[in-house]
Structures are given as C-alpha cells and as structure tokens.
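Numbering (the working numbering), first residue to last: 262 to 649.
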C-alpha cells in the first residue's frame, strides 16, 4: 500500500492529446470505480496538466476535484485536503465571473454513476467536510456543511444536499450521537427514494450510513437486513461497497458470537482492501479480526501479529479515532511495560479529539476500560468496532 504525493503524480504524468480528454476523464472514473485508485489519480493529474495547457481552467479544476475525492478514499487526507482547498479557491474565482460553467465532457450516465456532486463550490465544501470528518475534525466538518448549505448553487439539485446529509450522519455517529445519525440517514434515504433517478452513488452512501447507524445503536437485525440489501443491489457492487458490506456484516456476526461466519466476511474485506490499496478499510478489517481473535480465545500472539501489521502502516491513518483503537488493541495483546506504554500512547490521541471533536465521553470510557484491564490483568470487555 503506497500513497503517492501530488509531486509523484505530476512527475508520473505524460502529456495527453487534448482531443482525447473526454475519453481519459471517463477512463479515470472507471479506474476509480473498479478500485484502481493510483491509476485514476495519475490519469487525473495528466488531465489537469492537459486542460491547463489548453487554457481550460474549469476542466482542470474538475479533474483536480476528482483527484482530491480519490485521495480521500485512499486515506491520503492531508494531500486531498490541500488539493481540495486549492480547487475551492480557484472555482470560487471562476464562478464570480458569472459565466456558464459546463459539466465535465462525459456522458450523463457515467457522470451520475461516479461523479458530479463536487463540481460546484457547494460540492467542494461538502468534499472538504468529508475529508475533515475522516480526519477527526467533526467541528470543522460541520462548519463546512453549513458553508455549503448557504451556497445558492446546489448542482445537481437532487444529489448534492443529500450527500451533505450523509456526511452529517457519519460525522455525528462518530461523535457519539447514534440516534441522531440514524434519524438523519433515514431521512436522507427516504428522500432519495422519492427523487426521480437520483444519483446512484449518493443513494448508496445514504443507505450505508443508515446501516452503520443501526449497527452503532446495537440493532443487529436492522443493520444486517440493510447491509444485505446493499449487497444485493448492483449499483453498490464497487470494491469500496463490497468492503463496507463485509466489514459491517462481519462485525455484527462477531457480536452475535458467530465467529466462523464473521471471520469469512472480515477476511474477504481485508483481502479485497489489500488488493485495491484501500488502507483505511484494510486497517478496519485487521482490527475487527484482532478483536474476533480476542473474543474467540485465540493465542495473544495471533492478535499481536494482526495489530502489529496495522501499527506498521498506521502513519497512513490520520483519524485519531482509528489510531486510538489500534493502540488500545495492541495494549490488550501485550504485557507489562509494553502494554502500559501502548495505553499511554492511546491516551496521547485524546488531545486531538479534545481540540477538534464534539464528544469525547466514548473515547475516555474506552480508554479507562482498557487501562484497568492492563493494570489488573483482567480480560477486557469486547470492543465494539465502528467504521469511518
């Protein structure tokens, strides 16, 4: 799993024939849809350069927005955020000129299947909110959502505000408001069902947000039904969607004590994420498998091996929520001074929440539970996993 920097993408880029830009834009979307994120980012970097050379700054911004979106999914949040902020500034300047800004030069079907919700200033504010949410900055995410809602241009009308509601649901869920997250996600899903046509990707995200809120609330029957519905619907059969489905089902099966079935789903999610280069999904799967090993009484060495692999890749995960749980699970599989040191390292993540997050109570309670287990040698209660 290697995440290229913007400089590396630029150096990898070869000049493109301007007449082939529509073809390459569509090809980059297909790369992303099928999990080839590095290929998509490299091609969008080439498209940015070709559009700049052709004097089409708006098309360059559209390609940059798609690259930022792809980097977000890869977990490269710092690079994605810098790029998104730059695209925001430049698109605001273009929109201020008052001239018509056309959509990307691709067919409407492909546009709605894999793009199109971040080609306005409001859309880029929502993309920035998603990046901040994944980085643990829940307050910043809410501020970006507020800024997006104040914008008069909400292209496309059906999809863009709905995407903002999905981001809001995911944000408040991770901040501890499970009931509110379910209410927002359910309302978004119902609205999506009423919209003619809609936007397939955003509709799928709304349904996934509802499933995750149900899981966080402990409604395992409702969550399982929703995850299984998602798995049966063809618009959601991207690599990212398959990973999310297997992670959700695997976690709820673990909570029910159905360990062999849980392991099958979690290992499938892990293997797919590793193959596709999806770092965050891979970390989620490894942590879920580590907790599964702990719950099923596997040797501590097996848990240490799973978490050890995560620790080696943890610099790629910028979310304090994810980092804290990694250190805590490593502590529960370690002994003596090493375990105590890992508890202390988990505690060092708390100031990042305190400075930026809405609610810390869940994190403090989890930390203290694990600290007591390490100090007394007792077996810690199961850790319920959630997902970014």
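Each residue gets a CB set at the ideal place from its N, CA and C atoms; glycine is no exception.
Quantities reported herein were computed from a predicted structural model and do not represent experimental measurements.
According to the neighbour-count rule (16 or more other Cβ atoms, all chains shown, within 10 Å of its Cβ), is residue i buried or exposed?
| i | result |
| --- | --- |
| residue 540 | buried |
| residue 272 | Caution applies to residue 272, whose pLDDT of 46 falls short of 50 and renders its modelled position unreliable; the value that the coordinates give is listed next. Under this definition residue 272 is an exposed residue. |
| residue 637 | exposed |
| residue 596 | exposed |
| residue 397 | buried |
| residue 639 | exposed |
| residue 285 | buried |
| residue 530 | buried |
| residue 558 | exposed |
| residue 562 | exposed |
| residue 571 | buried |
| residue 357 | exposed |
| residue 281 | exposed |
| residue 626 | exposed |
| residue 554 | buried |
| residue 407 | exposed |
| residue 391 | buried |
| residue 425 | buried |
| residue 395 | buried |
Please work out which residues of its chain come closer than 8 Å, Cβ to Cβ, to residue i, disregarding the five sequence neighbours upstream and downstream, and give them in chain order.
| i | result |
| --- | --- |
| residue 439 | 474, 477, 478 |
| residue 386 | 349, 405, 406, 408, 409, 412 |
Suppose the cutoff is 7 Å on Cβ atoms and the five residues either side in sequence are ignored; what does the same chain contact list for residue i look like?
| i | result |
| --- | --- |
| residue 513 | 476, 481, 484, 485 |
| residue 319 | 355, 362 |
| residue 599 | none |
| residue 582 | 397, 435 |
| residue 511 | 523, 526, 527, 530, 549 |
| residue 608 | 628 |
| residue 352 | 322, 382, 385 |
Could you pull out every residue in the same chain whose Cβ sits closer than 6 Å to the Cβ of residue i, ignoring the five residues on either side in sequence?
| i | result |
| --- | --- |
| residue 470 | 427, 430, 431, 446 |
| residue 634 | 641 |
| residue 443 | 474 |
| residue 462 | none |
| residue 542 | 504, 534 |
| residue 263 | Note that residue 263 scores 41 on pLDDT, short of 50, meaning its location in the model is unreliable; the coordinates nonetheless yield the value given after this. Cβ neighbours of residue 263 beyond the five flanking positions: none. |
Whole-angstrom Cβ separation of residue i and residue j, contact assumed at under 8 Å?
| i | j | result |
| --- | --- | --- |
| residue 630 | residue 642 | 6 Å |
| residue 610 | residue 437 | Actually they are not in contact, since the Cβ atoms of residue 610 and residue 437 sit about 16 Å apart, beyond 8 Å. |
| residue 590 | residue 552 | 7 Å |
| residue 365 | residue 307 | With 8 Å as the limit, residue 365 and residue 307 do not qualify as a contact, their Cβ atoms being about 15 Å apart. |
| residue 412 | residue 383 | 4 Å |
| residue 472 | residue 449 | With 8 Å as the limit, residue 472 and residue 449 do not qualify as a contact, their Cβ atoms being about 12 Å apart. |
| residue 388 | residue 345 | 6 Å |
What is the residue span of the alpha helix (DSSP H) that residue i lies within?
| i | result |
| --- | --- |
| residue 402 | 399-410 |
| residue 526 | 520-537 |
| residue 559 | Careful: residue 559 lies outside any alpha helix (DSSP H) and carries neither H nor E. |
| residue 590 | 581-593 |
| residue 648 | Note, residue 648: premise wrong, no alpha helix (DSSP H); not H, not E. |
| residue 506 | 500-516 |
| residue 346 | 338-357 |
| residue 640 | From DSSP, residue 640 is part of no alpha helix (DSSP H); its letter is neither H nor E. |
| residue 296 | Here residue 296 belongs to no alpha helix (DSSP H), and DSSP marks it neither H nor E. |
| residue 422 | 421-435 |
| residue 460 | Note, residue 460: premise wrong, no alpha helix (DSSP H); not H, not E. |
| residue 610 | Run containing residue 610: none; DSSP gives neither H nor E here. |
| residue 390 | 382-395 |
| residue 332 | 318-335 |
| residue 489 | 481-493 |
Does any CB atom of chain D fall closer than 8 Å to the CB of residue i?
| i | result |
| --- | --- |
| residue 466 | You won't find chain D in this structure, because it holds only one protein chain. |
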